[in-house]
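The numbering of the sequence shown is our numbering, which starts it at 2 and goes up by one. Here the structure is laid out as structure tokens; the discussion comes afterwards.
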Amino acid sequence: MGTDLARRLLASENYTCVIVSAEGVLTSRERGILPLMKWIESGADLRGAVAADRIVGRAAALLYAYMGISELYAEVLGEGGQKVLRDHGIAHGYGTLAVRIVNRSGTDICPMEKAVAQISDPAEAFSALREKMHEMGLLNA
2 MGTDLARRLL ASENYTCVIV SAEGVLTSRE RGILPLMKWI ESGADLRGAV AADRIVGRAA
62 ALLYAYMGIS ELYAEVLGEG GQKVLRDHGI AHGYGTLAVR IVNRSGTDIC PMEKAVAQIS
122 DPAEAFSALR EKMHEMGLLN A
């Protein structure tokens, strides 16, 4: 699997997300989809890159598809995320397959998952997630 370096960095450096591309290595310790949103908004060209992430649900998977990631490893992969990865031809592996991705308090479905529950287009998902994150005060305008 081409995700070996990304997986090693994820495990050894306590990152939440690692992307390895021809341009270099991007890492983050931020939670949720925030690092993905920031990298997309920075204009980074990540087409063909490989990634390793702690938790990937439908929302993150749609963002990875939007970025053009070619391969992904998730420590925890939600079933909705797995479907997105399959639908977009993204090679993937995982440690644990979860039925759903829940919010941080464990009381409900993750709000980002809810925001894209009926969305299959990655560009549309990016817009919906950006709006949701602004609404929640998680992303600057």
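In this text, a Cβ means the ideal position worked out from N, Cα and C, and glycines have one as well.
Quick one: grab the DSSP three-state call for L98.
strand
* Asked: How about G79 and A99: are their beta carbons less than 7 Å apart?
  -> yes
Check: Straight-line CA distance for W40 to H135?
Finding: 16 Å
Next on the checklist: Taking the alpha carbon of S13 as the reference point, which residue from L130, S29, E24 and G107 has its own alpha carbon closest?
Outcome noted: S29
Need the endpoints of the beta strand (DSSP E) that G138 sits in, please.
Element bounds for G138: n/a, residue is neither H nor E.
I'd like to know whether the C-beta atoms of A60 and T4 end up nearer to each other than 7 Å. no
Would DSSP call G79 helix, strand or coil? The three-state reading of DSSP puts G79 in strand, counting E and B together.
- Message: Please report the straight-line C-alpha distance between M38 and N15, rounded to a whole angstrom.
- Response: 20 Å
In this structure, does DSSP put V117 in helix, strand or coil? Coil, per DSSP.
| query | On the three-state DSSP scale, how would you describe R8? | reply | helix
- prompt: DSSP state of L47, grouped into three classes?
  reply: coil
**Item:** Separation of A126 from L64, as counted between CA atoms
**Value:** 7 Å
Between the alpha carbons of L86 and G58, how many angstroms are there, rounded? 10 Å
List the DSSP bridge partners of C18.
-> S29 and D54
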